[in-house]
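Reading through the C-alpha cells given below for one structure.
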C-alpha cells in the first residue's frame, strides 16, 4: 500500500476506502507500515457493534442511529457483516439501497463485508477496517452483524461497545444465556416493543442482568425501541452516550481496548502461521492422503502429524 | 490414553466416555495412537446436527428423536454444545434433567459441551467426540447447538446431516439467507407449527430452497413439527432416513465426509501450530508490549511481527 493511498484515506476518499477494505476482506497482504500509519491516525473514533438474532430489526435501528448521529454533526462509518452466503455475495439488496442513499454524503460510509466462511479472520478484518474508517476521520463506526454466534463474538472484540438487539420473540432468558448474548452485551435493546411480550422481556432481562453481570463489567442498561416507528431511538442514543461515559470512568473501556489489542495480535499471528504453513506442497500432500482414504484407514491425526513433521518452518 | 480406557470405550462404558470427552473439551493432549484406534472403530455411526436460533425448540425435538430412535432399537449419543457462558458452565439445568432421565440407560449417552469461547476448536472437538461415541457403539450421534453462527457452521462440518430448526418467528427468508442457514442445512424443520405463519414460512422456505440450493447439494426437504405436542416428529424421522439414503445415492454423503476429513486436518494443524508458537516467553513478551501501550504507539501488526521474528519454529 503506497503513501498516496494513505493520503487519500486520511482525506476521507471513499473510493480509496472501498478499495483497501476489499483488499482486507479478500485477505490480500497489506504492509505493516501502512497499518502503522493508519493506527496512529485511528485513535478517537467510537466503535459500536450492533448485533442480535435475524429479524430483530438491526438495520432499521442502525439507519436511525446514523440519522441521529448526522444531525448531531458526527460522521459515520458502517460495516454490515454478513455471514458467507453464495446468494448475497456479502451485500444484500437492503444494504445496497442504504449505500446508494448516502452515496454522495462524505459523512457516511456504508460497506457490506462478507465473512466468506472465514469467521475466524473476521475479528482481525473488522479491526483493520475499523482503524481504516477511523483514519478517514469518521467519528463513529458501526459494525452491524446478523445472527447469534461466533461472528458476533468476533465483532464484539473489535468494538468499544456492543448493542444487542432483541425482539419479544427472541426467546426466554435461558435461551439468551445459552446463546452467550449476555457476556458480549454492553447495552440491550428490545426492539419492536409495540409487540406483545416486549415489557415482560425487558423486565426479565433487567432481572437477569442484575443477577448475572460479571464482576468488572457494568450492568447493561435495557432500552425499548420501535425502530420502524422511530420510537425510543433518541433515548437509546442518549443512553449509549451516557453508558459510554460510565464505561470510561470505570476503566471498562480501557480494559476492552487492551483486550482488543491482545486479540488482534493473536489473530494476526494465527493468520500468518497458517499462511506460512500451508504451502502448495502441503496442500497437495493432504489432498493425496484424502484420495487414498478409500484404500487406507488413516486417522486425520496421523495425516496432520505427518504434515507437521514434514514442515521445517 | 491407555489401552484400558480404549477397551472401556469399546465396551460402551459411559464413565470412561465422560472422562475422555472432558479431556477433549479441556484441550488436554490425547495420543494419536488412541485416536487412530478410535478412528478405526467409528465408521458406521450416523451423525446428525440439530441447530437453529434460540427458542426454536431444538431440545424438545431432540428428546423426541431420541425416543423414536430407542423404540427403533438404536443407541444414541447426544452432545449439546453451548456457547461459552460463565453462568451455565456449559451445561444448563434442562440438559442436566435430560441426562439424569437416561442416567442408567446404556443406549443413551447425553453430554453437554461448552465451547469455552474456543469456537474455532469446536469443530475438531466435536469430531473427536463423535468418533469417540461412535467407537462406543452408538448407532446415531446427535449434535445439538444453539444460536445461528460459526458454532453451527463448525458443527455442520462434523456431521453427516444438518437439521435446521426454525419457528414462525425466526424471521423472513432474506434474514435466513443472511444468517447463512441455507448452506448448512440438509433438512429444514418448521417447529411450533401450531403457531401463525408456520405454513407461510414452510412454503416460502421451499420456494427459496428450490431456487437457491447450490449445485452438488440436494434440495433440503422441509418438515412441519410441533415437538411439544409430539406432532410431525415421526414423519421427520422417516424424512431423515429417506434423505440420508438419497444423500448416499447421490454421493453427497461421501463428499461431506471427505470435506469433514479435510477440515479436521486443518483444525488439528491450526491447534498444534498455535500451541507450539505461544510459549510462555512469547506470552510474556506480548503482555509487556501491551503494558507499554500507554507510552508507545505501536500497532498490533508491529508487535505480531516482532513476535513472529523472535520465533525459530
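Residue numbers (our numbering), protein chains in the order written: chain F, 160 to 472; chain X, 160 to 472. Glycine included, C-beta positions come from ideal geometry on N, C-alpha and C.
Close-in-space but distant-in-sequence residues of the same chain around residue i (CB under 6 Å, 5 per side omitted)
i	result
residue 387 (chain X)	219
residue 292 (chain X)	236, 300
residue 250 (chain X)	For residue 250 (chain X), the predicted model reports a pLDDT of 44, less than 50, meaning its position is unreliable and no value from the coordinates is stated.
residue 433 (chain X)	none
residue 365 (chain F)	381
residue 180 (chain F)	270, 288
residue 358 (chain F)	none
Cβ-Cβ distance between residue i and residue j below 9 Å
i	j	result
residue 363 (chain F)	residue 383 (chain F)	no
residue 463 (chain F)	residue 419 (chain X)	no
residue 325 (chain X)	residue 360 (chain X)	yes
residue 197 (chain F)	residue 285 (chain F)	no
residue 349 (chain F)	residue 327 (chain F)	yes
residue 205 (chain X)	residue 396 (chain X)	no
residue 239 (chain F)	residue 271 (chain F)	yes
residue 435 (chain X)	residue 469 (chain X)	no
residue 207 (chain X)	residue 261 (chain X)	no
residue 417 (chain F)	residue 452 (chain X)	yes
residue 214 (chain F)	residue 329 (chain X)	yes
residue 296 (chain F)	residue 174 (chain F)	no
residue 289 (chain F)	residue 177 (chain F)	no
residue 203 (chain F)	residue 313 (chain F)	no
residue 424 (chain F)	residue 287 (chain F)	no
residue 212 (chain F)	residue 212 (chain X)	yes
Near the ligand ADP: residue i beta-carbon under 8 Å from a heavy atom
i	result
residue 268 (chain X)	Questions concerning the ligand ADP fall outside what the structure shown contains, since it holds no ligand whatsoever.
Chain X residues whose Cβ lies nearer than 7 Å to that of residue i
i	result
residue 481 (chain F)	The structure shown does not extend to residue 481 (chain F), since chain F spans only 160 to 472, so no value can be given for it.
Close beta carbons around residue i, own chain, < 7 Å, minus the five adjacent residues each side
i	result
residue 369 (chain F)	378
residue 252 (chain F)	Confidence at residue 252 (chain F) is low in this model, with a pLDDT of 46, below 50, so its placement is unreliable and no value can be given for it.
residue 246 (chain F)	For residue 246 (chain F), the pLDDT reaches just 37, beneath the cut-off of 50, and the residue's location in the model is therefore unreliable, although a value from the coordinates is still provided. No residues qualify anywhere along the chain.
residue 394 (chain X)	382
residue 321 (chain X)	208, 210, 315, 343, 344, 345
residue 172 (chain F)	none
residue 409 (chain X)	377
residue 445 (chain X)	462, 466
residue 448 (chain F)	457, 462
residue 167 (chain F)	175
residue 450 (chain X)	none
residue 165 (chain X)	193, 196
Interface residues of chain F facing residue i [CB-CB closer than 8 Å]
i	result
residue 417 (chain X)	449, 452
Anticipated Cβ contact below 8 Å, residue i with residue j, distance rounded
i	j	result
residue 340 (chain X)	residue 318 (chain X)	Actually they do not touch by this definition, with Cβ atoms about 15 Å apart.
residue 233 (chain F)	residue 458 (chain X)	Not quite, the Cβ-Cβ distance comes to about 25 Å (not below 8 Å), so this is no contact.
residue 456 (chain X)	residue 199 (chain F)	6 Å
residue 303 (chain F)	residue 217 (chain F)	6 Å
Beta-carbon contacts of residue i that lie in its chain and below 8 Å, excluding the five residues immediately before and after
i	result
residue 385 (chain X)	350, 351, 352, 353, 391
residue 398 (chain F)	346, 380, 382
residue 355 (chain F)	327
residue 403 (chain F)	205, 319, 320, 412
Contact with chain B by residue i, beta-carbon distance below 9 Å
i	result
residue 172 (chain X)	Here the protein chains are F and X, and chain B is not one of them.
Neighbour list for residue i in chain F, Cβ cutoff strictly below 9 Å
i	result
residue 191 (chain X)	458, 460, 461, 463, 464
(request) Check each residue of the segment 437–469 of chain F: if its Cβ is closer than 7 Å to any Cβ of chain X, include it; give the result in chain order. (result) 445, 449, 452, 456, 458, 459, 460, 461, 462, 463, 464, 466, 467
(request) Closer than 7 Å, Cβ to Cβ, to anything on chain X: give me those residues from the segment 421–437 of chain F, in chain order. (result) 421, 423, 424, 427, 428, 429, 431, 432, 433, 436
(message) For the segment 380–391 of chain X, list every residue whose C-beta sits within 7 Å of some C-beta in chain F, in sequence order.
(response) If you check each beta-carbon in the segment 380–391 of chain X against every beta-carbon of chain F, none falls closer than 7 Å.
(request) Can you give me, in chain order, the residues of the segment 195–211 of chain F that have a beta carbon less than 7 Å from any beta carbon in chain X? (result) 195, 198, 199
(message) Can you pull out the residues from the segment 341–366 of chain F whose beta carbon lies closer than 8 Å to at least one beta carbon of chain X?
(response) 341, 342
(message) Output needed in chain order: residues of the segment 220–236 of chain F with a Cβ under 9 Å from some Cβ in chain X.
(response) Result list empty, no residue passes.
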